[in-house]
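*Asks:* Residues 434 to 573 (my numbering) make up the sequence shown, in order. For glycine and all other residues, C-beta sits at the position ideal for the given N, C-alpha and C. Quantities reported herein were computed from a predicted structural model and do not represent experimental measurements. Quick one: the structure is below, and I'll ask about it shortly.
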Amino acid sequence: MAIDPRSHTPVYVQLADTLREQIEAGELAPGSALPSEARLTQEYGIGREAVRMSISLLRSEGLVTTVRGHGSYIRETPQRRQVEVPPGASVIARMPSGGERRSMQLDEGVPILEVRDPKGNVEVLPGDEVELTRPLSGRA
């Protein structure tokens with residue numbers, strides 16, 4: 434897909450859309466390196482700042498991770514574990530604080546889930562590593 438500098442859509446969003454499509458189509462596989470900023474700048478004929486903004490947008494969506502000095506990589510899809518939400522519990526999804534993100538080693542763009550049981554105990558879970566389930570009611 435070509436970048437249209439005359440479009441109402443900013444060029445960095447157009448590049449992010451193109452890269453997102455390549456990731457979703459499997460053309461850029463999980464764990465593989467994203468092309469370098471210099472290559473994307475040259476290939477799409479846009480400025481380095483626009484390329485950086487595109488990568489930042491994809492990072493905020495949880496699609497890529499960036500390792501300083503090494504480049505950006507397509508995020509691996511983590512293995513999910515099932516967590517049963519007890520009867521009467523509530524779940525809140527939110528973005529983590531900086532401290533939570535560091536302590537839980539979360540990539541940028543990954544939400545956390547707060548599961549509050551009926552007694553008020555709270556369990557904080559990484560949103561990309563769990564699948565919440567409800568207990569079966571026993572009724573057919």
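By DSSP, does VAL557 sit in helix, in strand, or in coil?
*Replies:* Here residue 557 refers to the residue found at position 124 of the sequence shown. VAL557: strand per DSSP, three-state reduction.
*Asks:* At 3 residues or longer, what runs of the beta strand (DSSP E) sit wholly inside the stretch 470-523?
*Replies:* 497-500, 504-507 and 514-517
*Asks:* Since ASP550 contacts ALA522 with CB under 8 Å, what's their CB separation in whole angstroms?
*Replies:* Mapped onto the sequence shown, residue 550 falls at position 117. Mapped onto the sequence shown, residue 522 falls at position 89. Correct: roughly 5 Å between the Cβ atoms.
*Asks:* Counting pairs of Cβ atoms below 8 Å between the stretch 473-491 and the stretch 530-540, do you hit three or more?
*Replies:* no
*Asks:* Determine the closest residue to ARG513 out of MET434, VAL563 and VAL446, with distance taken between C-alpha atoms.
*Replies:* To locate residue 513, count along the sequence shown from 1; it is residue 80. Taking only the C-alpha atoms, the option nearest ARG513 is VAL563.
*Asks:* Where does the unbroken alpha helix (DSSP H) through ARG453 begin, and where does it stop?
*Replies:* Position 20 of the sequence shown, counted from the first residue, corresponds to residue 453. Here the alpha helix (DSSP H) through ARG453 covers 444-457.
*Asks:* Within 10 angstroms of its Cβ, does GLY502 collect 16 or more other Cβ (buried), or is it exposed?
*Replies:* If you number the sequence shown from 1, residue 502 lands on position 69. Answer is exposed; the Cβ neighbour count stays below 16.
*Asks:* Here's the rule: buried if 16 or more other CB atoms are within 10 angstroms of the residue's CB, otherwise exposed. What is VAL524?
*Replies:* Taking the first residue of the sequence shown as position 1, residue 524 is located at position 91. Classification for VAL524: exposed.
*Asks:* Helix, strand or coil, according to DSSP, for GLY542 in the structure here?
*Replies:* Along the sequence shown, one-based indexing puts residue 542 at 109. If DSSP states are grouped into helix, strand and coil, GLY542 belongs with coil.
*Asks:* Considering Cα atoms alone, identify which of THR474, LEU546 and GLY495 is closest to ILE456.
*Replies:* In the sequence shown, residue 456 corresponds to position 23, counting from 1. Closest option to ILE456, Cα to Cα, is GLY495.
*Asks:* Report, in whole angstroms, the separation of the C-beta atoms of LEU467 and SER505, which I expect to be a contact under 8 Å.
*Replies:* Indexing the sequence shown from 1 puts residue 467 at position 34. Indexing the sequence shown from 1 puts residue 505 at position 72. Their Cβ separation, rounded to whole angstroms, is 4 Å, which keeps LEU467 and SER505 in contact under 8 Å.
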